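Its first residue numbered 8, the sequence shown is counted upward by one per residue in the working numbering.
In this text, a Cβ means the ideal position worked out from N, Cα and C, and glycines have one as well.
Keep in mind the model is a prediction, meaning the values are calculated, not measured.
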Amino acid sequence: MSTDEILAAYAWSAGDCFRCAKSKVPTTRVGVLDVPAGEHVDIRACEECVLVMERERRRWAARRGCVYRPGTLGSP
Ligand SMILES: [Zn+2]
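See below:
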């Protein structure tokens, strides 16, 4: 699985990364926070951080003998 294939599994738009705090970079939604006011706030991550998190997921899947599928960060 190449870097490009992993990144292609996500939809990207400019935003702020929750993980490394870069702003105005291409980001994708990796989660949603429900805040007390009843709003949903997107948790977004940049390409670099998504690749780090996907690598962790791939290792996790390999240890458990699960099938690794990229593109599911932030999915229920
Ligand atoms: Zn980042």
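- Counting along the chain, residue 56 sits inside no beta strand (DSSP E); it lies in the alpha helix (DSSP H) bounded by residues 54-71.
- Inclusion of residue 52 in the 7 Å shell around ligand 1 follows from its C-beta lying nearer than that to a non-hydrogen atom of the ligand.
- Around the beta carbon of residue 17, 16 or more other beta carbons sit within 10 angstroms, so the residue counts as buried.
- Ligand 1 approaches residue 56 closely enough that one of its heavy atoms is under 7 Å from the residue's Cβ.
- Look at the beta carbons and you see the segment 44-56 not touching the segment 65-74: under three pairs across the two are nearer than 8 Å.
- If you look at residue 40, you'll find it in the beta strand (DSSP E) that goes 32-41.
- In this structure, the C-beta of residue 26 approaches ligand 1 to less than 7 Å from one of its heavy atoms.
- Taking every protein chain shown into account, the CB of residue 46 has fewer than 16 other CB atoms within 10 angstroms, so this residue is exposed.
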